[in-house]
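Engineer: This is the structure I want to talk about, given as structure tokens.
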Amino acid sequence: MSTPVTITTAIELSAKQLDSLAAQLTKKLGKIEVTAVVDPELIGGLKVRVGSREYDGSLQHKLNSVKQQLLAEW
Amino acid sequence: MSQTLADLVAKAEVSSTVSSVGEIFAFGDGIAQVRGLDDVQAGELIDVGNNQFGLALNLEKNQVGVVLLGDTRHLSAGSVVKRTGTILSIGVGDEILGRTINALGQPVDGKPQFPVEKQMLLERIAPGVMTRQSVTVPLQTGIKAIDAMIPIGRGQRELIIGDRATGKTAIALGTILNQADQNMICVYVSIGQKGSTLAQTKQILADRGAMDYTIIVAATAAEPAAQQFLAPYAGLAAAEYFLEQGKDVLIIYDDLTKHAQAYREISLLLRRPSGREAYPGDVFYLHSRLLERACRLNAKYGGGSITALPIIETQANDVSAFVPTNVISITDGQIYLETDLFNAGVKPAINVGLSVSRVGSSAQIKAMKQVAGTMKLDLAQYRELQAFAQFSSDLDDKTKTQLDRGTRVSSILKQGWDTPLKVEDQVVVIYAAVNGYLDAIRVDAIQDWERGYLEYIHSAYPELLSSIVKDLKITDETAEALKAAITSFNNIHPEWQQNG
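Sequence lines, in order, name chains A and B.
Counting in the numbering used here, the first sequence runs from 32 upward without gaps.
Counting in the numbering used here, the second sequence runs from 1438 upward without gaps.
Written out as structure tokens, the structure reads:
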């Protein structure tokens, strides 16, 4: 049974980058089925979604978190 | 300025995060059905973006029903939502007193956020048996009829029930006004009311200086049903913050009928099975878990108390409808208000026969017990006699005296809703009434008599009042002095006596 994994990036990844990412994920998750999505809103970095868990390393997310922290302190 | 900003940015913690997410696949009527959110907890807050949240209430095999708690215009099918990992809670601090908050703990009175000292969970298990103490300290409502015959204690739950426009909110507000010097914090939860009504209430409390010790939780009729459902729990969370400090809190839920209706609305939209009157099966648990958290803690746990005054609105005096019977069985007594009495000018329109306080005289000071001990029974006998006497023209003297006494005692219990009386004032007034000093006064002059009498005692015999406050009972010498005072007062005012 292969686990569906969605990788979202701001710009399209090259085949080499995608393969190396898929290899890392296979080590953790076993057989996976990768879907690559491009979303310029992320600005940079990437998001990996497995089932209902999402790893968010995008620049958009980091900038948002800085914004929240500034608003809280202000 | 820019230096500070640069510092803040440099200090900010930036990292990638792992979160549990889901996707909305159906969305409407304030409910979002979400796929994903695999390890969500029941009652957990869900971040739906734009600083808005939802509550995960329906955990099903393949989907989660999320009740939305705020502005949801940015959502649509396909939107991604995240778990927050926190069960619903509000931030409370000492400076919440005097503020108006909504069901999510956010200030809605236009003033800035108060400093938050603790996060209080909205849903908690009620204190267990071993942490409690029996109710013995009175809650003085300032209303003669209640403090004398249906006394409420700190830590009790007393239901105020009646049709619309019978004075239920008035009793609640009058009680808040009387807590000014009673070391009591008040929480007024407004559920489903008109915004204009709440504005009036706030104005009254502010004008009388009651806002210094009162918190208002507002979930008016325009708020989403989910907020109306959560408002009582939010009020209770704030009350428990003070309870844990060992303080006494009074919480008023106005009203739980609208609360049950809001819960019914959410449950039907979540497609939960409905029962009697289309209410969901757990509508009893909705109120029982709310009211069970009103308690008096023993000294080991701080000695604080939460007294609850829930309000229920009946339709056509039907106390045997579903939600009224539920709440009557949960509370420690009820104050039953009747439209007929209200229209006949008996205000507060309390039906003393049907009203009861299951804590009773344990929550009265001895002085009050001394004067009002048999008043309830006497009034019951008077009412029976009254019904009988309507049809009889020839009454013996004894019956006539009893009727006259009963009329005067009933009349002395009438009171303006915003004129609470201190307990010592109540004691001296009721003492005069039950000991026959009103028998010679005209019935229509009783209100004037009472006003004049209290002024007289305050100016000429203040030591009588202070001795009652100090000893908490009427000693023999106080009684003698009181008798003399009343007699002299009656002599000064022949204009209120009836002739013959």
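For each residue, glycine too, the CB sits at the ideal point set by N, CA and C.
Quick caveat, the model's predicted, so the values are computed rather than measured.
1) Using a Cβ cut-off of 8 angstroms, pull out every chain A residue sitting near S1792(B), in sequence order please.
2) Within 10 angstroms of its Cβ, does G1937(B) collect 16 or more other Cβ (buried), or is it exposed?
3) P1761(B) and T1776(B): beta carbons closer than 7 angstroms?
4) Any idea what DSSP makes of G1937(B), helix, strand or coil?
5) Measure the alpha-carbon distance for K1938(B) versus Q1619(B) and round it to whole angstroms.
6) Alpha carbon to alpha carbon, what distance is there between R1845(B) and K1837(B)?
7) Between L1919(B) and V1865(B), which are expected to be in contact by the criterion C-beta below 8 angstroms, what is the C-beta distance as a whole number of angstroms?
8) Return the first residue and the last residue of the alpha helix (DSSP H) that S1847(B) is part of.
9) Which word fits G1782(B), buried or exposed, when buried means at least 16 other C-beta atoms lie within 10 angstroms of its C-beta?
10) Here's a check: name, in chain order, each residue in its chain whose Cβ is nearer than 7 angstroms to the Cβ of V1803(B), leaving out the five neighbours to either side.
11) Fully enclosed by the segment 1862-1912 of chain B, which alpha helix (DSSP H) runs are 4 residues long or longer?
12) DSSP puts S1711(B) in a beta bridge; with which residues?
13) Check the C-beta distance from V1518(B) over to V1458(B) and give it rounded, since I have them as a contact under 8 angstroms.
14) Below 8 angstroms on C-beta distance, what does V1451(B) contact in chain A?
15) Are Y1874(B) and I1923(B) close, meaning C-beta to C-beta below 7 angstroms?
16) Using beta-carbon positions only, say whether W1854(B) and A1449(B) come within less than 7 angstroms of one another.
17) Quick one: complete beta strand (DSSP E) runs, 3+ long, within the segment 1747-1794 of chain B?
18) Considering only residues of the same chain and omitting the five flanking positions on each side of V1501(B), which have a CB-CB separation below 7 angstroms?
19) Could you give the residue range of the beta strand (DSSP E) that holds M1621(B)?
20) So for F1464(B), helix, strand or coil by DSSP?
21) Relative to the C-alpha of D1691(B), which residue among Y1678(B), R1709(B), E1595(B), Q1682(B) is closest?
22) Does D87(A) come within less than 7 angstroms of chain B when only Cβ atoms are used?
23) For the segment 44-71 of chain A, which residues have a CB atom closer than 9 angstroms to at least one CB atom of chain B, in sequence order?
24) Determine the contact status of T1657(B) and Q1616(B), defining contact as a CB-CB distance below 7 angstroms.
25) Out of G1718(B), I1527(B), Q1570(B), M1586(B), which one is the CA nearest neighbour of P1552(B)?
26) Check whether the Cβ of D1475(B) lies closer than 7 angstroms to any Cβ atom in chain A.
27) Taking only beta-carbon positions, decide if G1530(B) is within less than 7 angstroms of chain A.
28) Give me the residue from Y1678(B), D1755(B), D1649(B) with the minimum Cα distance to K1555(B).
29) In its own chain, which residues sit with a C-beta less than 6 angstroms from the C-beta of P71(A), not counting the 5 before and 5 after it?
30) Taking L101(A) as the query, report the chain B residues whose CB atoms sit under 9 angstroms from its CB, ordered along the chain.
31) Distance check for L1505(B) and H92(A), CA to CA, integer angstroms please.
32) Which ranges does the alpha helix (DSSP H) cover as unbroken runs of at least 4 residues, wholly within the segment 1667-1741 of chain B, from first to last along the chain?
33) So, D87(A) versus T1523(B), is the Cβ gap smaller than 7 angstroms?
34) So, for E1481(B): in the same chain, excluding its five sequence neighbours on each side, which residues have a beta-carbon less than 8 angstroms away from its beta-carbon?
35) Using a beta-carbon distance below 7 angstroms, is S33(A) in contact with chain B?
36) Roughly how many angstroms separate the alpha carbons of E43(A) and L77(A), rounded to a whole number?
Structural biologist: From the atom records:
1) Per Cβ cutoff of 8 angstroms: no residues; S1792(B) is ~50 angstroms from chain A at best.
2) With a pLDDT of only 41 at G1937(B), under 50, the local geometry of the prediction cannot be trusted, and the value read off the model is given with reservation. Result: exposed.
3) no
4) Note that G1937(B) has pLDDT 41, beneath the 50 cutoff, so the model's placement of it is unreliable and the number below is only indicative. Three-state DSSP puts G1937(B) in coil, outside helix and strand.
5) This structure cannot speak to residue 1938(B), because chain B is shown only from 1438 to 1937.
6) 12 angstroms
7) 6 angstroms
8) 1834-1849
9) exposed
10) In the sequence under discussion, the amino acid at residue 1803(B) is Lys, which differs from the Val named in the question. L1909, K1910.
11) 1883-1897, 1899-1908
12) P1717(B)
13) 7 angstroms
14) K93, S96, V97
15) yes
16) no
17) 1770-1774
18) G1459, V1471, L1474, V1477, A1493, N1495
19) 1621-1628
20) strand
21) E1595(B)
22) yes
23) none
24) no
25) I1527(B)
26) yes
27) no
28) Y1678(B)
29) A41
30) L1442, L1445, V1446, A1449
31) 23 angstroms
32) 1693-1706, 1720-1728
33) no
34) L1492, A1493, R1520, T1521, G1522, T1523, I1524, L1525
35) no
36) 11 angstroms
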